[in-house]
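What follows is a set of notes on a single structure, which appears directly below.
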Amino acid sequence: MWPRFRSAAALLFWLLLGGSRLAMAQTSPRTFAGTVTEKGGEALGGISLTVETRDNTVLAYGFTDEAGAFRIGLETGPDSVRLRARSMSHAEWSVLVPNRSQQFAVVLTPGEIKLKEVTVKGAPITRQGDTLSYKVDAFANKQDRVIADVLKKMPGIEVGGDGQISYEGKPINKFYINGQDLLESRYTMASNNLPADAVQSVQVLERHQPIRALDSLARPENAALNLELKKKVTATGQARLGAGWGAAPLGPLWSANVSPMLFAGRQQLIDTYQGNNTGQDVAAELKPLTLADLQQGSELSTRKPDLTHIQGLGSPPVAANRYLFNQVHLLSANHLVTISPENQLRVNASYLHDVQTQRGGAQTRFFLPDNRTVTLTEAKSNRLTFSNLLADFAFIKNVKRYYLKNTLSLDGRWDAQTGDLARAETGLRITQQARNPFVAVSNRLGLVRPLSGGRIVQLSSFTFFSNSPQQLAVQPGAFAGLLTGGVPYDSARQQARLGAFFTNNSAGLTLSRGGWAYSGQAGFSQEIQRLTSTLTTSAEPDLAGPPLRNDLRWNRGRYYLEPGLSRKADTWQASLSVPVSYYDFRAEDAPLGAGQRLRAVVAEPSLSLRRDLGPLWYVSASAGLSNDFGEISQLNYAYILRDYRTLQRNDAPLPRTQTQRYSGGFYFKNPLKSRFFNAFYSFSNSLNNRLYSSQVDASGAVTTVALDQNSRALTHSLNTSASQFISPWKTNLSLQASASQRQQPQVLNGQLAQTRTQNATVGLKMSVSAFDWGSLDYNATLTALRSAVADGPATAAARVQEHHASASIFPTGGHQFTLSGDYYDSRGPAPTVRAVFADLLYRYAMPTKGRKIDLELRWSNIFDTRQYQYSFVSPFQLAQTTYQLRPMQVLASARVSL
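Numbering-wise, the sequence shown is residues -25 to -1, 1 to 873 according to mature numbering (1 follows the signal peptide of the UniProt record, and there is no 0).
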């Protein structure tokens, strides 16, 4: 496998490098340089110069410095161009010249320029270096209240359903407010609550390096977002209170949001209390959407484990406020204080208590290899309780000559689940109760120090402790045939506990010289975990039955060297990294007399290339090889009851997945014309030393075991998006398309088959704010999913349509009426399902001075649509889930800007 990877990576490198050389030969950059003076020879600073086509289209621009010197670079252009110099106190100067590098001595004549009375509108998007600035007023309309409403209308920027912001199809790496990182990864608390009228512009910092000491050395592909506020000292926020009534079973409704904010030179704060029972998912504001500085992928083992749980309903593909029955309270305090010109302290603390109820049903059909069909019909009623306490305490020093950051984090979760379930085929009623607490403490330290001679020292340390005792109780007991010799019994109780310690420490040195950078990093990580579990039944277990107790001790050590080489030129850059790691795994379950040990030395090279094809275009490519050795949750020698109908045992070699990845992207942006386009393709080839086998019995219960057998998965994916803002009509149009195919083996009831899953999605978004009296928003998504077994017929494609439209009218004064509607259409192997929703909003903006006050009346789900059905298709399974939705409700509220 390694020779094939090496050959493919080398071919990719030489093809792109060869293309880069050809492109460089064809489009070598031109430079227009010189001086600007008056007739007397006095140098003129601040003079604007532009390079234009014959029809006055600006290709590049620049300004003279204090000495009157200028230098303008131009990548492409026609055979001849016009160089033009302008000044309010001098007569305009221009000359038509051949498009080649040359020097100029520009002499301006003093004179006055008489201007006609005109109305000047600034460009909606401007560019300065690597920063794009979106003027908020150019995209906002009368109905927008928070900055997230405006971000969704900006070309090139995408806002996901969870609030994650992307640029050029890649998530942002930082979210700043006036250049400060107050919220780090949980930035939706700002985007969903910061008033739009407090923001002057939204800046996209392309290829942003958050660590200033590394800015000249390493530049990530991801961009950052900065909100530039209108005032240097901004005290803002909002307070919103609401009350209403919903049709049964809702009853009285309430909603509250009090979010004061302060943004000053030496401090920033966002404090908020939010609560409601109206279906608004405020818990999403605590979801981390970016990685911490210097974070590594090996830290994925610090996530909360999911050892046991009840049989849930999942989430339907509709807006959360359609299906979420909740009672939520969120209290959060976020403070950033500058204690000296270079040092900052930051505190982010939040507490969430969220009670959710789910009602619905599921019918699952398993198509077994022997042509039998097992049908499982379940009616479900669940209650989920989430109690989370999160706190981060950080010291930050982030200047050009020094970077130091230490973050102490606390994460406490006390989650509980209860579920009542009825089986239609047998009339059996099942009760489930689960407890899933999790407590973790971690500390992250990062240090970057530039030295003389282009050297940079980098230190990183991360330490993590966690404990998660979980349990699941099921009545009546399941898997009697396996657990009690076929004797029915009343209840089963699964107890499981996972304690973990993890540390990762490294030191590195980087030397930069010219356009080259040489780096080396050495480090080690250690992971120590213990998984204990006991499955007990109310009946005496079968003494000859399978093992039901785990006492697994897991130790994983990694010692690594990461040499790297990068080259940065004016129009292209390349980087090569070849981490070499020594892994030492030990897993032992002494009571069962089981265990294993694995030592391995692996190299995980990665190569990335980028080539600028001019001021508007660039291409990128990458190739890499990675090894994933799995987690402790994938290794248990005795059975664990995951939910009432899933019993799992992983008695197989330590999981290992080796993956080759190749990708390439093509990107275009023209800020002056507000036009953006990108396309990205990726391919992965994963080899796993395990193959999972599922055994489905006549009742629909699934027993899963891991087999010591290699399996390979191939995945292709293609993503593209385009957006255009039409300034005179204040209209933003965007189109997204994606397609993927995955092929992998699967074993069901002892039969091995190759499965193939294909899906494609096309989306269209449109926002029109061309008139003072109204606006229109529309977006539609079409998704197709098909699955098949190799050498067998493909299932009929499942197709889902989603249409969302909203029309607002501003008749007079501060009145606003908004009618919005959603339409869903699902068809394919399952029966066709259609659902229609409509909402009506009346808003009155009171004519007050100072604080803005809105009075609102919102009528939701006018047609009282109470159910939605969603189907999932796989080669061996058809699952149809019916969700109970929130009925019609009316909410009156008042909103005051703070």
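Quick reminder that beta carbons are idealized off the backbone N, C-alpha and C, glycines included.
Where residue i sits in the DSSP three-state scheme
{"i": "N660", "result": "strand"}
{"i": "Y298", "result": "helix"}
{"i": "R(-20)", "result": "Residue placement at R(-20) is flagged as unreliable, the pLDDT there being 45, under the threshold of 50; a coordinate-derived value is accordingly withheld."}
{"i": "S23", "result": "strand"}
{"i": "V432", "result": "strand"}
{"i": "K648", "result": "helix"}
{"i": "L866", "result": "strand"}
{"i": "S417", "result": "strand"}
{"i": "residue 875", "result": "A question about residue 875 goes unanswered here, because the residues of the chain that appear run from -25 up to 873."}
{"i": "V174", "result": "strand"}
{"i": "A688", "result": "strand"}
{"i": "I607", "result": "helix"}
{"i": "T857", "result": "strand"}
{"i": "T277", "result": "helix"}
{"i": "A676", "result": "coil"}
{"i": "L189", "result": "helix"}
{"i": "P630", "result": "coil"}
CA nearest to the CA of residue i, picked from the options
{"i": "residue 875", "options": "T25, A44, R29 and D40", "result": "Nothing in the structure corresponds to residue 875, since the chain is present only between -25 and 873."}
{"i": "F651", "options": "S141, T509 and E17", "result": "S141"}
{"i": "V312", "options": "A369, S581 and D800", "result": "A369"}
{"i": "L567", "options": "L584, P521 and Q609", "result": "P521"}
{"i": "G605", "options": "S698, Q633 and L616", "result": "Q633"}
{"i": "K372", "options": "D156, Q408, Y534 and L200", "result": "D156"}
{"i": "W748", "options": "P316, K117 and H183", "result": "K117"}
{"i": "L264", "options": "P425, E159 and F655", "result": "E159"}
{"i": "I837", "options": "S795, R818, I828 and N251", "result": "S795"}
{"i": "K149", "options": "G474, A223, P806 and L266", "result": "L266"}
{"i": "A80", "options": "D119, L24, G52 and Q103", "result": "L24"}
{"i": "Y858", "options": "T106, R61, Y298 and L616", "result": "Y298"}
{"i": "P628", "options": "A681, R826 and T793", "result": "A681"}
{"i": "G725", "options": "L689, V677, S744 and N754", "result": "V677"}
Environment of residue i [buried if 16+ CB atoms lie within 10 Å]
{"i": "L228", "result": "buried"}
{"i": "L866", "result": "buried"}
{"i": "R870", "result": "buried"}
{"i": "H790", "result": "exposed"}
{"i": "K375", "result": "exposed"}
{"i": "L403", "result": "exposed"}
{"i": "A453", "result": "buried"}
{"i": "D771", "result": "Checking the sequence shown, residue 771 turns out to be Ala, not Asp. That one is exposed."}
{"i": "K705", "result": "buried"}
{"i": "S55", "result": "exposed"}
{"i": "V174", "result": "buried"}
{"i": "G(-8)", "result": "A caution first: G(-8) carries a pLDDT of 40, below 50, which makes its placement in the model too unreliable to give a value."}
{"i": "I122", "result": "buried"}
{"i": "A596", "result": "buried"}
{"i": "E17", "result": "exposed"}
{"i": "A210", "result": "exposed"}
Span of the beta strand (DSSP E) around residue i
{"i": "M164", "result": "M164 -> not in any beta strand (DSSP E); alpha helix (DSSP H) instead, spanning T163 to S166."}
{"i": "G599", "result": "W592 to D603"}
{"i": "P73", "result": "H65 to P73"}
{"i": "K543", "result": "G539 to K543"}
{"i": "E353", "result": "T348 to V374"}
{"i": "N318", "result": "N318 to F342"}
{"i": "K380", "result": "Y377 to R398"}
{"i": "Q243", "result": "Q242 to N251"}
{"i": "S427", "result": "Careful: S427 lies outside any beta strand (DSSP E) and carries neither H nor E."}
{"i": "P235", "result": "G226 to F238"}
{"i": "R570", "result": "For the record, residue 570 in the displayed sequence is Gly; it is not Arg. Element bounds for G570: A569 to A578."}
{"i": "S781", "result": "A773 to I784"}
{"i": "V257", "result": "Unbroken run through V257: none, as it is neither H nor E."}
{"i": "A471", "result": "A467 to R488"}
Any C-beta of chain C under 8 angstroms from that of residue i
{"i": "T756", "result": "In the structure shown, chain C cannot be found, because there is only a single protein chain."}
Endpoints, the alpha helix (DSSP H) within which residue i is located
{"i": "A455", "result": "A455 to L458"}
**OP:** List in chain order: all unbroken alpha helix (DSSP H) runs of 4+ residues lying wholly within the stretch 77 to 151.
**Re:** Secondary structure within the stretch 77 to 151: the alpha helix (DSSP H) runs of 4 or more consecutive residues, fully enclosed, are 111 to 114 and 122 to 126 (chain order).
Original post:
Can you give, in chain order, each stretch of the beta strand (DSSP E) that sits fully within the stretch 691 to 752 and has at least 3 residues?
Top reply: 706 to 723 and 726 to 746
**OP:** Kindly provide the ranges of any beta strand (DSSP E) runs that are 3 or more residues long and lie completely inside the stretch 816 to 851, ordered along the chain.
**Re:** 828 to 835 and 842 to 849
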